[in-house]
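*Asks:* Residue numbers (our numbering), protein chains in the order written: chain A, 1 to 315; chain B, 316 to 630. Dropping a structure here in structure tokens format, bear with me for questions.
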């Protein structure tokens with residue numbers, strides 16, 4: 001097992017720490033705020049108990065996993081001997097540039113330097129670094145200890161061996177990496193989420209559906225198949241001759257819809273009042289925090305279900 | 316419980332028959348081909364056993380549910396005394412017009428006449444009918460006995476009381492209806508699926524991702540939360556202050572992506588060769604049928620999981 005460092009111990013950093021420690025790695029947890037990393041470790045202890053209760057710790061004891069995570073006050077100490085560094089500082093280009101310059105100066109030359117950024121291309125903050133060939137983005141969906149997908153995004157100068165090492169590191173930790181050939185705004189997942197949300201906001205804006213109708217159509221409809229197959233396997237199984245047969249039969253329906261999707265609804269315009277009114281009628285603002293706990297419990301139960309059915313029926 | 320009729324006993328018709336009979340209704344199963352309805356009943360018997368094994372028959376005995384389904388050779392006999400008619404003939408406007416004229420002439424005047432069409436607006440085949448006020452679309456996702464969502468789409472002349480009666484009928488049968496205020500090409504679900512697929516095909520066409528990368532990003536990523544929350548609740552919980560806070564923080568990311576989504580990849584063009592090659596490498600054409608059986612078993616297990624977790628954690 002390797003030594004790893006988590007840089008920035010907020011919500012994303014602490015979630016990565018759980019994933020790495022569960023995989024057997026030692027994790028140095030560093031944060032610019034001296035109290036933040038020890039506080040994060042307390043939060044992590046609670047999550048590990050929940051994970052053990054859902055059989056999501058690979059049979060390990062929560063205390064054993066927790067013991068692999070060590071808050072470290074000095075950045076140089078945190079980076080000593082590491083093979084993988086996962087950076088989780090604020091989504092600000094100047095901060096990313098400054099942090100990566102520090103990481104590149106202090107980490108062992110063979111360590112991979114990965115950023116969790118969702119919105120900044122890796123080329124934007126690694127170009128000037130002597131060690132830019134070992135830098136890339138590894139973008140999770142939160143929380144990564146429950147959601148396997150993670151996007152691996154190289155800059156034009158990232159060494160392909162670094163991409164491969166990162167892919168293997170993620171797979172060994174139970175992740176499902178999407179390895180991009182080259183960087184692109186929004187990567188893959190936020191582009192797909194954005195495309196779906198654009199149509200969802202348009203439908204509500206134009207009065208065809210409520211926000212709840214959209215959520216029903218996904219959570220009681222489309223996402224059931226998507227949650228174990230994805231959209232391409234779904235259509236591959238939705239025509240007798242597979243995906244080619246599906247495209248021949250149905251593309252004209254979709255190409256007729258496309259011209260109707262060429263305008264944006266301003267998400268912050270009048271549609272937002274309607275979406276927010278619908279959401280707040282179902283979930284008052286004071287209950288948002290409690291509902292996030294509910295979401296994570298349901299995600300845990302779903303992750304455990306997927307593991308069981310993967311074993312029983314195949315993936 | 317009501318008397319219902321299924322018109323057209325192919326894959327969609329037989330699936331509705333299961334859903335209606337499970338809800339306690341008597342189902343007359345009619346098909347223009349004399350052998351089709353009796354054959355469908357044999358298929359249904361097998362599915363009912365699987366559903367019982369997954370505790371998805373509301374505690375009923377499969378034989379009791381099967382006994383509610385009767386193949387009927389004569390259309391007039393099939394429609395005698397029915398409260399709800401569900402039409403499932405081929406997706407062809409001339410056929411829909413002819414069938415609805417027959418149904419309107421033969422069904423009791425108070426019966427609701429619903430079409431399962433996914434691609435034809437209800438106004439296109441009901442305008443000339445004396446009973447057009449009782450006609451509408453009820454569009455399922457297959458198979459409706461496992462996927463609760465169903466779209467209720469009125470024509471401009473559909474009586475609101477008919478829409479409400481249909482909504483209540485579906486809810487009582489365990490469905491989650493999306494009631495549209497007015498008709499629109501693609502309804503709600505196929506528009507959202509289409510928007511997502513457009514971006515998926517673009518990403519593969521332009522070499523940023525493989526079909527498998529897209530499927531991983533959805534099935535191991537985005538669709539996990541969507542499968543119990545939908546996209547609006549997902550973003551509502553993804554910013555401390557709820558959906559308004561999310562839009563204020565992140566809309567600029569999505570509005571920057573939007574101009575990059577204004578061109579279509581021709582799904583049947585070179586991208587289809589790549590998507591098909593990826594799919595066939597993972598699933599040979601000869602295994603498509605077996606994989607459809609796998610899909611339905613996983614859907615059953617997921618439906619059972621969702622019922623359990625809805626009870627344990629709330630919906």
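Cβ coordinates follow ideal geometry from the N, Cα and C atoms, glycine included.
1. Which residues, in order along the stretch 393-405 of chain B, keep a beta-carbon less than 8 Å from a beta-carbon of chain A?
2. Can you tell me whether residue 273/A is buried or exposed? The criterion is at least 16 other CB atoms within 10 Å of its CB, across all chains shown.
3. Is the beta carbon of residue 402/B sitting closer than 9 Å to the one on residue 322/B?
4. Please report how far the alpha carbon of residue 28/A lies from the alpha carbon of residue 71/A, in whole angstroms.
5. Please say whether residue 22/A and residue 51/A have beta carbons closer to each other than 9 Å?
6. Are residue 192/A and residue 464/B close, meaning C-beta to C-beta below 9 Å?
7. Keeping to the same chain, check which residues put their C-beta closer than 8 Å to that of residue 448/B; ignore five residues upstream and five downstream.
8. In terms of residue numbering, what span does the alpha helix (DSSP H) encompassing residue 663/B cover?
9. Take the Cβ of residue 1/A as the centre, count every other Cβ of all protein chains shown within 10 Å, and call the residue buried at 16 or more, exposed below.
10. Determine whether the beta carbon atoms of residue 603/B and residue 194/A lie at a separation below 9 Å.
11. Return yes when at least one heavy atom of the ligand MG lies under 8 Å from the C-beta of residue 431/B, else no.
12. Does residue 348/B come within less than 9 Å of chain A when only Cβ atoms are used?
13. According to the Cβ coordinates, are residue 583/B and residue 251/A closer than 9 Å?
14. In chain A, which residues lie less than 9 Å from residue 333/B when you measure between Cβ atoms?
15. So is residue 95/A in contact with chain B if we call contact Cβ pairs under 9 Å?
16. As a quick exercise: from 61/A, 74/A and 113/A, pick the residue whose alpha carbon is nearest that of residue 82/A.
17. In chain A, which residues lie less than 8 Å from residue 609/B when you measure between Cβ atoms?
18. Closer than 9 Å, CB to CB, is residue 593/B near chain A or not?
19. Just the C-alpha distance for residue 446/B and residue 437/B, rounded to the nearest angstrom, thanks.
20. Does chain B have any CB closer than 9 Å to the CB of residue 302/A?
21. Using only alpha-carbon positions, find the residue among 550/B, 526/B and 562/B that is nearest to residue 233/A.
22. Please decide whether residue 444/B counts as near chain A, where near means a Cβ-Cβ distance under 9 Å.
23. Short of 7 Å in beta carbon distance, which residues of its chain neighbour residue 325/B, apart from the five on each side in sequence? Order them along the chain.
24. Taking the Cβ atom as the reference point for each residue, do residue 67/A and residue 5/A lie within a distance shorter than 9 Å?
25. Using the beta-carbon count (16 or more within 10 Å), is residue 425/B buried or exposed?
26. In the DSSP assignment, find the beta strand (DSSP E) that holds residue 345/B and state where it starts and stops.
27. Under 9 Å, Cβ to Cβ, is there at least one residue of chain A near residue 424/B?
28. Can the beta-carbon of residue 499/B be found less than 9 Å from the beta-carbon of residue 43/A?
29. Please report whether the beta-carbon of residue 530/B lies at a distance below 9 Å from any beta-carbon of chain A.
30. Given residue 69/A, which residues of its chain have a CB within under 7 Å of its CB, disregarding the five upstream and five downstream residues?
31. Please decide whether residue 164/A counts as near chain B, where near means a Cβ-Cβ distance under 9 Å.
32. Hey, quick one: how far does the alpha helix (DSSP H) through residue 441/B stretch, first residue to last?
33. Label residue 479/B either buried or exposed according to how many other C-beta atoms from any shown protein chain fall within 10 Å of its C-beta, with 16 as the threshold for buried.
34. Rounding to the nearest angstrom, what Cα-Cα distance links residue 418/B and residue 439/B in this structure?
35. Please go through the same chain and pick out, in chain order, the residues whose beta-carbon is closer than 7 Å to the beta-carbon of residue 264/A, but skip the five residues on each side of it.
36. With 9 Å as the threshold, decide whether the Cβ of residue 573/B is near any Cβ in chain A.
*Replies:* On the basis of the supplied data:
1. Cβ contacts with chain A come from no residue of the stretch 393-405 of chain B.
2. Taking the first residue of the first chain as position 1, residue 273/A is located at position 273. Burial call: exposed.
3. Within the second chain, the letter at position 87 stands for residue 402/B. Within the second chain, the letter at position 7 stands for residue 322/B. Yes; because the gap between Cβ atoms is below 9 Å, this pair is in contact.
4. The count along the first chain starts at 1 and reaches residue 28/A at position 28. The count along the first chain starts at 1 and reaches residue 71/A at position 71. Near 6 Å, if we compare the C-alpha coordinates of residue 71/A and residue 28/A.
5. Residue numbering aside, residue 51/A sits at position 51 when the first chain is read from its first letter. Residue numbering aside, residue 22/A sits at position 22 when the first chain is read from its first letter. Contact flag set, yes.
6. In the first chain, residue 192/A corresponds to position 192, counting from 1. In the second chain, residue 464/B corresponds to position 149, counting from 1. A distance of 9 Å or more separates the beta carbons of residue 192/A and residue 464/B.
7. Residue 448/B sits at position 133 when you count from the first residue of the second chain. In chain order, 472, 473, 474 and 477 place their CB closer than 8 Å to the CB of residue 448/B, counting only its own chain and leaving out the 5 sequence neighbours on each side.
8. Residue 663/B lies beyond the stretch modelled for chain B, which goes from 316 to 630, so this question has no answer here.
9. By 1-based counting over the first chain, the position of residue 1/A is 1. With fewer than 16 Cβ atoms within 10 Å of its Cβ, residue 1/A is classed as exposed.
10. In the second chain, residue 603/B corresponds to position 288, counting from 1. In the first chain, residue 194/A corresponds to position 194, counting from 1. Contact flag unset, no.
11. Absent from the structure shown: the ligand MG. Ligands present: none.
12. Position 33 of the second chain holds residue 348/B. Not an interface residue.
13. Position 268 of the second chain, counted from the start, is the residue given in the question as residue 583/B. Position 251 of the first chain, counted from the start, is the residue given in the question as residue 251/A. Yes, Cβ-Cβ distance for residue 583/B and residue 251/A is below 9 Å.
14. The residue you call residue 333/B lines up with position 18 of the second chain. Taking the beta carbon of residue 333/B as reference, no residue of chain A falls within 9 Å; the closest one sits roughly 17 Å away.
15. Within the first chain, residue 95/A is the residue found at index 95, counting from 1. No - not a single Cβ of chain B is within 9 Å of the one on residue 95/A.
16. Position 82 of the first chain, counted from the start, is the residue given in the question as residue 82/A. Check the Cα spacing between residue 82/A and each of 61/A, 74/A and 113/A: the tightest is with 113/A.
17. As a position in the second chain, residue 609/B is number 294, starting the count at 1. Simply 313 and 314.
18. Walking along the second chain from the start, residue 593/B turns up at place 278. For residue 593/B, the nearest beta carbon of chain A is closer than 9 Å to its own beta carbon.
19. Within the second chain, residue 446/B is the residue found at index 131, counting from 1. Within the second chain, residue 437/B is the residue found at index 122, counting from 1. Those two C-alpha atoms are separated by around 13 Å.
20. Here residue 302/A corresponds to residue number 302 of the first chain, with the count starting at 1. Chain B contact via Cβ: present.
21. Residue numbering aside, residue 233/A sits at position 233 when the first chain is read from its first letter. For residue 233/A, the closest C-alpha among the options 550/B, 526/B and 562/B is that of 526/B.
22. Taking the first residue of the second chain as 1, we reach residue 444/B at position 129. The beta-carbon of residue 444/B is placed no less than 9 Å from the nearest beta-carbon of chain A.
23. Here residue 325/B is taken as the residue at index 10 of the second chain, counted from 1. Correct list, in chain order: 403.
24. Walking along the first chain from the start, residue 67/A turns up at place 67. Walking along the first chain from the start, residue 5/A turns up at place 5. No, they are not a contact pair.
25. Within the second chain, numbered from 1, the residue matching residue 425/B stands at position 110. With fewer than 16 other beta carbons inside 10 angstroms of its own, residue 425/B counts as exposed.
26. Against the second chain, residue 345/B aligns to sequence position 30. Segment 341-345, the beta strand (DSSP E) holding residue 345/B.
27. Along the second chain, one-based indexing puts residue 424/B at 109. Cβ-Cβ to chain A under 9 Å: no for residue 424/B.
28. Locating residue 499/B in the second chain gives position 184, counting from the first residue. Locating residue 43/A in the first chain gives position 43, counting from the first residue. Not in contact: residue 499/B and residue 43/A (Cβ atoms no closer than 9 Å).
29. Locating residue 530/B in the second chain gives position 215, counting from the first residue. Interface residue, yes.
30. Position 69 of the first chain, counting from 1, holds the residue named residue 69/A. Around residue 69/A, the same chain offers 17, 21, 27, 29, 41 and 44 as residues with beta carbons nearer than 7 Å, after the five sequence neighbours per side are excluded.
31. Taking the first chain and counting its residues from 1, one reaches residue 164/A at position 164. Closer than 9 Å: no.
32. Within the second chain, the letter at position 126 stands for residue 441/B. Its alpha helix (DSSP H) spans residues 438-441.
33. Indexing the second chain from 1 puts residue 479/B at position 164. Exposed, since its Cβ has fewer than 16 Cβ neighbours within 10 Å.
34. The count along the second chain starts at 1 and reaches residue 418/B at position 103. The count along the second chain starts at 1 and reaches residue 439/B at position 124. Those two C-alpha atoms are separated by around 16 Å.
35. Residue mapping note: residue 264/A aligns to position 264 of the first chain, counting from 1. So the list reads 198, once near-sequence residues are dropped.
36. Counting from one through the second chain, the residue named residue 573/B turns up at place 258. Interface with chain A (9 Å Cβ-Cβ cutoff): residue 573/B is included.
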